[in-house]
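Undergrad:
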Amino acid sequence: MQAYRFCFTAIAAATMLSACGGGSDNPPENEAPYVLNVKKVEGRYNTNKAATATDLKSLSAFNAANAVTISLPALDTQDLVLKSAAVGGAVQVAEAQAVPQAKTATQLAQLLSWQTDAQGQNTAALRVHATDAFGLRLGLVVDALPDSATVRVFKEANGQVEAVGYETTGAAINQTIKNNTDAGDTSIAGRTWWSADLGGDTVVLQINLPAGVPSEAVKVALPTISNMFRDASEYTYAVESADSASSSNPLQDLNFNPAITKAEQVPSAGSCNLDVTCYNNGSQQRDAVARMLFTQADGKGYWCTGSLLNDAINSNTPYFLTANHCISSQTEASSLQTDWFFRTSSCNGNYLDAKRTTRAGGARLLFSNNSEQGNDITLLVLNDAAPAGTFLAGWDANQNNTEQNIYGIHHPAGSLAKIAGGQTVAYANCNGDTCSSNPNGRFYWVQWAEGITEGGSSGSALFTANGYVIGALHGGSSECSAKGSPDFYGRLDMAFEAGAKNFLASSKVPF
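Letter by letter, the sequence shown follows residues -19 to -1, 1 to 492 of mature numbering (1 follows the signal peptide of the UniProt record, and there is no 0).
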């Protein structure tokens, strides 16, 4: 399905939407242990401190003087920005851009200049500059890559390689490709590994091989990058530190003491959205919510929202709920990058939460169904450990009343976390281009009393007043000028019975 949040127009008892549906990929079947007779689970904070994580980290700086440079022209993004702003759903933020200089593994091999150090390690680097890009992801097509390789991606600004970057291994990349091919995707898209988005228009890719591993063992191509064309510069927030948190004038600190804080560009959302930090509702549940960036097979990138879920055995497994119209295939799941604690540190404040962190290790697709036959719900498990301090949300897979108080926490337009509160008022079905009330419907019909959702909110969880997840956002027409327009959330209880229970209520971790 095209990843768009839907625009609705009420017609009698029906509500029309611009597009509806789901992906055609079938998630891999897992032979699970027996399912416990559990339909309601309490939330709890993640206590897994031992598992590895592939996040952005401080890396040792290196001399990139030997890196060959590929320069790409600016995209004509005006039309792309207008189109991405005009529709909802998963907000498009990146466009595929061809890299003709490295389209094949042979071409890229000819560009790389391998250097051997005193320990016999071989290292090569490639600089990619995309004019006017606000970020970029490298789409490496892997024909061969030693498990022992180390792959790093650095951001470069003003000719200087920055110390914060992304590091992974050949083994992890090969496992990502295996996940895709095991799920049936043997296409070029299935053999593509997407690097983390670090922001900016220039990145440096470094490949390091241990002594004894020849450079000929590396056979990768770079036919495409995903070029971030959405300008997030309308709002600039400071990133809180221990020193700056006590300041009475954070923006002055930002301007005059950059060693204490740094600027971060944040997308804007509708003015009637409500800062989640201002509310007691969801004070734990907000720690389960992440902004999602993922790349589709065609190289286009999108934002959605997802939430961590607890399981019946409190295993700390990072189960992650979102919408099928956001991620519906293993190949898309493999590209997932998540931003956590992406919110203000105080009510309507100027600082980002000091805990803000990013994970870029992707995920595995466990369960997914589309909106025509199912509930537009996808359940993933993150390949990385959930960050410290995250909350594993509780859920209720019993049939819930059609009329009850609810709230949602989400990232509209990719912005800082927001909250909306209201009521479920009916069940509904969504088929083709129509959503209509139905007493046996697969979706909740939601009316907001405060706040709204927007494109980018798709996939966000619907919470009961007591904080249990009961659904995931499919789409709707709520907006600042039409707060009374409905939104629709896929019913978790139905997705649970359709297969999500094999993971969330399993007697042991089923993989």
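Backbone N, C-alpha and C fix where the C-beta goes; we use that ideal spot for every residue, glycine too.
Need the endpoints of the beta strand (DSSP E) that phenylalanine 484 sits in, please.
TA: Working through the sequence shown from its first residue, we reach residue 484 at position 503. Phenylalanine 484 -> not in any beta strand (DSSP E); alpha helix (DSSP H) instead, spanning 482 to 485.
Undergrad: Taking asparagine 161 and leucine 126 to be in contact with their CB atoms under 8 Å, please state how far apart those CB atoms are, rounded to whole angstroms.
TA: What you label residue 161 is simply residue 180 of the sequence shown in a count that begins at 1. What you label residue 126 is simply residue 145 of the sequence shown in a count that begins at 1. About 14 Å; that fails the 8 Å criterion.
Undergrad: For asparagine 255, which residues in the same chain have their Cβ closer than 7 Å to its Cβ, ignoring the five residues on either side in sequence?
TA: Here residue 255 refers to the residue found at position 274 of the sequence shown. The sequence shown places leucine at residue 255, rather than the asparagine named in the question. The residues are Lys399, Ile400, Ala401, Glu431 and Gly432.
Undergrad: Determine the burial state of asparagine 364: buried for a count of at least 16 other Cβ atoms within 10 Å of its Cβ, exposed for fewer.
TA: The sequence position of residue 364 within the sequence shown is 383, counting from 1. The residue in question, asparagine 364, is buried, as its Cβ has 16 or more Cβ neighbours within 10 Å.
Undergrad: Does the Cβ of threonine 97 have 16 or more other Cβ atoms within 10 Å, making it buried, or fewer, making it exposed?
TA: Residue mapping note: residue 97 aligns to position 116 of the sequence shown, counting from 1. Threonine 97 should be labelled exposed.
Undergrad: Starting from leucine 302, follow the beta strand (DSSP E) in both directions and report where the run begins and ends.
TA: Stepping through the sequence shown from its first residue, residue 302 is reached at position 321. From DSSP, the beta strand (DSSP E) with leucine 302 extends over 300 to 303.
Undergrad: Applying the criterion that 16 or more other CB atoms from any shown protein chain within 10 Å of the CB defines a buried residue, is tyrosine 15 buried or exposed?
TA: For the purposes of this step, residue 15 is taken as the residue at position 34 of the sequence shown. Label assigned to tyrosine 15: exposed.
Undergrad: Starting from threonine 173, trace the beta strand (DSSP E) both ways and give me its first and last residue.
TA: Along the sequence shown, read from residue 1 onward, the residue named residue 173 stands at position 192. First-last of the beta strand (DSSP E) with threonine 173: 173 to 175.
Undergrad: Which same chain residues end up closer than 8 Å to cysteine 328 when comparing Cβ atoms and leaving out the 5 residues on each side of it in sequence?
TA: What you label residue 328 is simply residue 347 of the sequence shown in a count that begins at 1. Contacts found: Asp256, Thr258 and Cys259.
Undergrad: Between threonine 303 and threonine 319, is the Cβ-Cβ spacing less than 8 Å?
TA: Start at 1 with the first residue of the sequence shown, and residue 303 comes out as number 322. Start at 1 with the first residue of the sequence shown, and residue 319 comes out as number 338. Not closer than 8 Å, so no.
Undergrad: Which runs of the alpha helix (DSSP H), 4 residues or longer, sit entirely within the segment 42 to 122?
TA: Segments of the alpha helix (DSSP H) lying fully in the segment 42 to 122: 59 to 67 and 86 to 92.
Undergrad: Assess contact between the segment 136 to 149 and the segment 161 to 171, defined as three or more Cβ pairs (one per stretch) separated by less than 8 Å. Is contact present?
TA: The segment 136 to 149 is not in contact with the segment 161 to 171.
Undergrad: Just verifying my parser: in three-state terms, what is the DSSP assignment at asparagine 160?
TA: Within the sequence shown, numbered from 1, the residue matching residue 160 stands at position 179. If DSSP states are grouped into helix, strand and coil, asparagine 160 belongs with the helices.
Undergrad: Is leucine 473 helix, strand or coil by DSSP?
TA: Counting from 1 along the sequence shown, the entry for residue 473 is found at position 492. Helix.
Undergrad: Quick check: the Cα distance between glycine 251 and threonine 325, rounded to an integer number of angstroms?
TA: For the purposes of this step, residue 251 is identified with residue 270 of the sequence shown, where counting begins at 1. For the purposes of this step, residue 325 is identified with residue 344 of the sequence shown, where counting begins at 1. Cα to Cα, glycine 251 sits roughly 16 Å from threonine 325.
Undergrad: Can you determine whether any heavy atom of the ligand ADP sits closer than 7 Å to the C-beta of alanine 90, and answer yes or no?
TA: Judged by which ligands are present, the structure shown has none, so any question about the ligand ADP falls away.
Undergrad: With a threshold of 6 Å on Cβ separation, who are the neighbours of leucine 92 within its own chain once the five nearest residues in sequence on each side are excluded?
TA: Locating residue 92 in the sequence shown gives position 111, where the first residue counts as 1. So the list reads Val49, once near-sequence residues are dropped.
Undergrad: Where does the unbroken beta strand (DSSP E) through threonine 183 begin, and where does it stop?
TA: In the sequence shown, the residue the question calls residue 183 occupies position 202. Counting along the chain, the beta strand (DSSP E) containing threonine 183 begins and ends at 183 to 190.
Undergrad: How would you write the range of the beta strand (DSSP E) that serine 418 sits in, first residue to last?
TA: Here residue 418 refers to the residue found at position 437 when the sequence shown is read from its first residue. 415 to 418 is the extent of the beta strand (DSSP E) around serine 418.
Undergrad: List the DSSP bridge partners of asparagine 412.
TA: Along the sequence shown, one-based indexing puts residue 412 at 431. Asparagine 412 is bridged to Thr415.
Undergrad: Measuring only the C-alpha atoms, how far is proline 54 from cysteine 416?
TA: Along the sequence shown, read from residue 1 onward, the residue named residue 54 stands at position 73. Along the sequence shown, read from residue 1 onward, the residue named residue 416 stands at position 435. The alpha-carbon atoms of proline 54 and cysteine 416 are separated by roughly 43 Å.
Undergrad: What did DSSP end up calling glutamine 266 once you bin it into helix, strand or coil?
TA: If you number the sequence shown from 1, residue 266 lands on position 285. Glutamine 266 falls in the helix class under three-state DSSP.
Undergrad: Between which two residues does the beta strand (DSSP E) containing glutamate 197 stretch?
TA: Numbered from 1 along the sequence shown, position 216 holds the residue referred to as residue 197. Run containing glutamate 197: none; DSSP gives neither H nor E here.
Undergrad: Can you tell me whether DSSP reads threonine 258 as helix, strand or coil?
TA: Translated into positions along the sequence shown, residue 258 becomes position 277. Threonine 258: helix per DSSP, three-state reduction.
Undergrad: Considering only residues of the same chain and omitting the five flanking positions on each side of glutamine 100, which have a CB-CB separation below 8 Å?
TA: Within the sequence shown, residue 100 is the residue found at index 119, counting from 1. Result list for glutamine 100: Ala192, in chain order.
Undergrad: Pick from Ser458, Thr286, Val194 and Gly330: whose alpha carbon is nearest that of alanine 269?
TA: Numbered from its first residue, the sequence shown carries residue 269 at position 288. Out of Ser458, Thr286, Val194 and Gly330, Thr286 has the C-alpha closest to the C-alpha of alanine 269.
Undergrad: Which residue marks the beginning of the beta strand (DSSP E) containing glutamine 311, and which one marks its end?
TA: In the sequence shown, residue 311 corresponds to position 330, counting from 1. Counting along the chain, glutamine 311 falls outside any beta strand (DSSP E), though it belongs to the alpha helix (DSSP H) covering 311 to 315.
Undergrad: Starting from threonine 319, trace the beta strand (DSSP E) both ways and give me its first and last residue.
TA: Position 338 of the sequence shown, counting from 1, holds the residue named residue 319. Per DSSP, threonine 319 belongs to the beta strand (DSSP E) from 318 to 321.
Undergrad: Please return the same chain residues whose Cβ sits closer than 6 Å to the Cβ of phenylalanine 477, not counting the five positions on each side in sequence.
TA: On the sequence shown, position 496 is the one that residue 477 refers to. Within the same chain, phenylalanine 477 has close Cβ partners Ala378.
Undergrad: For the beta strand (DSSP E) containing tyrosine 283, list its first residue and its last residue.
TA: Walking along the sequence shown from the start, residue 283 turns up at place 302. Where tyrosine 283 is concerned, the enclosing beta strand (DSSP E) stretches over 282 to 290.
Undergrad: Looking only at its own chain, which residues have a Cβ that is under 8 Å from the Cβ of glycine 263, when we skip the five neighbours before and after it?
TA: Numbered from its first residue, the sequence shown carries residue 263 at position 282. Val257, Tyr388, Ile390, Ile400, Phe444 and Gly448.
Undergrad: Can the beta-carbon of tyrosine 408 be found less than 8 Å from the beta-carbon of tryptophan 429?
TA: On the sequence shown, position 427 is the one that residue 408 refers to. On the sequence shown, position 448 is the one that residue 429 refers to. Against a cut-off of 8 Å, the Cβ pair of tryptophan 429 and tyrosine 408 comes out as no contact.
Undergrad: Using alpha carbons as the reference points, say which of Glu460, Pro81, Leu473 and Ser316 lies closest to threonine 359.
TA: Reading the sequence shown from its first residue, position 378 is the one you call residue 359. Per the Cα distances, Leu473.
Undergrad: Tell me whether the segment 346 to 354 and the segment 308 to 315 touch, counting them as touching only if at least three CB pairs, one residue from each stretch, are closer than 8 Å.
TA: Contact holds: three or more Cβ-Cβ distances are below 8 Å.
Undergrad: Do you know offhand how far valine 19's Cα is from isoleucine 158's?
TA: Here residue 19 refers to the residue found at position 38 when the sequence shown is read from its first residue. Here residue 158 refers to the residue found at position 177 when the sequence shown is read from its first residue. For valine 19 and isoleucine 158, the distance between alpha carbons rounds to 35 Å.
Undergrad: Less than 8 Å between the beta carbons of arginine 108 and alanine 45, yes or no?
TA: Taking the sequence shown and counting its residues from 1, the one referred to as residue 108 is at position 127. Taking the sequence shown and counting its residues from 1, the one referred to as residue 45 is at position 64. Their beta carbons are under 8 Å apart, which means arginine 108 touches alanine 45 by this criterion.
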